[in-house]
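Accompanying notes for the structure given below.
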Amino acid sequence: MPYQTFGGADLFPNIYDKAVRYLFGFATNQVFRDGNKRTAAITMLVFLHFNDIELDISSSELAQVTLDVANKKLTEEQVKQFLIKHTI
(Lines of atoms letter the chains of each structure in order from A and count residues from 1; the text may use other names and numbers.)
(Lines give C-alpha, C1' and ligand atoms only; values in the text may rest on other atoms or scores of the structure.)
Protein backbone atom coordinates (compact mmCIF):
# COMPACT_ATOMS: atom_id res chain seq x y z
CA MET A 1 0.00 0.00 0.00
CA PRO A 2 2.36 2.78 1.10
CA TYR A 3 4.87 2.11 -1.65
CA GLN A 4 2.41 2.25 -4.55
CA THR A 5 3.29 4.22 -7.64
CA PHE A 6 1.31 5.46 -10.61
CA GLY A 7 2.97 6.56 -13.80
CA GLY A 8 6.31 6.35 -12.03
CA ALA A 9 5.23 8.76 -9.29
CA ASP A 10 5.09 7.72 -5.64
CA LEU A 11 1.47 7.94 -4.41
CA PHE A 12 2.67 8.48 -0.84
CA PRO A 13 5.72 10.70 -1.29
CA ASN A 14 7.05 11.05 2.25
CA ILE A 15 7.46 9.03 5.43
CA TYR A 16 4.43 10.60 7.11
CA ASP A 17 2.18 9.84 4.14
CA LYS A 18 3.35 6.23 4.22
CA ALA A 19 2.88 5.94 8.00
CA VAL A 20 -0.64 7.34 7.78
CA ARG A 21 -1.44 4.89 4.99
CA TYR A 22 -0.46 1.98 7.27
CA LEU A 23 -2.69 3.33 10.04
CA PHE A 24 -5.67 3.86 7.74
CA GLY A 25 -5.14 0.60 5.87
CA PHE A 26 -5.26 -1.65 8.91
CA ALA A 27 -7.73 0.41 10.99
CA THR A 28 -10.39 0.81 8.30
CA ASN A 29 -10.15 -2.39 6.23
CA GLN A 30 -10.61 -4.93 9.03
CA VAL A 31 -7.90 -7.23 7.71
CA PHE A 32 -8.02 -9.47 10.79
CA ARG A 33 -10.88 -10.86 12.82
CA ASP A 34 -9.66 -8.99 15.90
CA GLY A 35 -6.93 -6.50 16.74
CA ASN A 36 -7.06 -4.35 13.61
CA LYS A 37 -6.79 -1.03 15.42
CA ARG A 38 -3.94 -2.26 17.63
CA THR A 39 -2.15 -3.64 14.57
CA ALA A 40 -2.68 -0.34 12.76
CA ALA A 41 -1.21 1.75 15.57
CA ILE A 42 1.75 -0.56 16.19
CA THR A 43 2.55 -0.89 12.48
CA MET A 44 2.56 2.89 12.09
CA LEU A 45 4.77 3.40 15.16
CA VAL A 46 7.26 0.71 14.13
CA PHE A 47 7.43 2.09 10.59
CA LEU A 48 8.14 5.58 11.94
CA HIS A 49 10.74 4.19 14.37
CA PHE A 50 12.55 2.33 11.58
CA ASN A 51 12.69 5.66 9.76
CA ASP A 52 14.17 7.44 12.81
CA ILE A 53 10.97 9.29 13.70
CA GLU A 54 9.75 9.22 17.29
CA LEU A 55 6.49 10.70 18.54
CA ASP A 56 5.71 12.46 21.80
CA ILE A 57 2.18 11.21 22.39
CA SER A 58 0.50 9.33 25.19
CA SER A 59 -1.01 5.91 24.71
CA SER A 60 -4.45 7.44 25.25
CA GLU A 61 -3.83 10.00 22.48
CA LEU A 62 -2.70 7.23 20.14
CA ALA A 63 -5.75 5.15 21.03
CA GLN A 64 -8.09 8.09 20.39
CA VAL A 65 -6.53 8.92 17.02
CA THR A 66 -6.69 5.27 16.01
CA LEU A 67 -10.36 5.01 17.03
CA ASP A 68 -11.15 8.22 15.17
CA VAL A 69 -9.47 6.84 12.06
CA ALA A 70 -11.39 3.55 12.32
CA ASN A 71 -14.64 5.49 12.74
CA LYS A 72 -13.78 7.76 9.80
CA LYS A 73 -13.74 10.92 11.94
CA LEU A 74 -10.28 12.02 10.74
CA THR A 75 -8.81 12.48 7.28
CA GLU A 76 -5.38 11.27 6.27
CA GLU A 77 -4.20 14.88 6.12
CA GLN A 78 -5.40 15.55 9.67
CA VAL A 79 -3.53 12.52 10.99
CA LYS A 80 -0.42 13.47 9.02
CA GLN A 81 -0.46 16.94 10.59
CA PHE A 82 -0.97 15.38 14.04
CA LEU A 83 2.09 13.18 13.52
CA ILE A 84 4.22 16.05 12.30
CA LYS A 85 3.16 18.18 15.27
CA HIS A 86 4.08 15.42 17.73
CA THR A 87 7.41 14.41 16.20
CA ILE A 88 10.32 14.74 18.62
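In this text, residue positions in the sequence shown follow full-length UniProt numbering: the first is 1, and each later residue adds one.
Heads up, the beta-carbon is just placed ideally off N, CA and C, and yes, glycines get one too.
- Query: In whole angstroms, what separates the C-alpha of residue 30 from that of residue 69?
  - Reply: 12 Å
- Considering residue 33, what are the terminal residues of the alpha helix (DSSP H) in which it resides? Per DSSP, residue 33 belongs to no alpha helix (DSSP H) and is neither H nor E.
- So which of 56, 52, 85 and 73 has the shortest CA-CA distance to residue 24? 73
- Residues in its own chain within less than 7 Å of residue 62 by CB, not counting five upstream and five downstream? 41
- Message: According to DSSP, is residue 87 part of a helix, a strand, or is it coil?
- Response: strand
- Task: Could you give the DSSP three-state label for residue 55: helix, strand or coil?
- Result: strand
- Is DSSP giving residue 25 helix, strand or coil here? helix
- Item | Length of the line joining the Cα atoms of residue 28 and residue 85 | 23 Å
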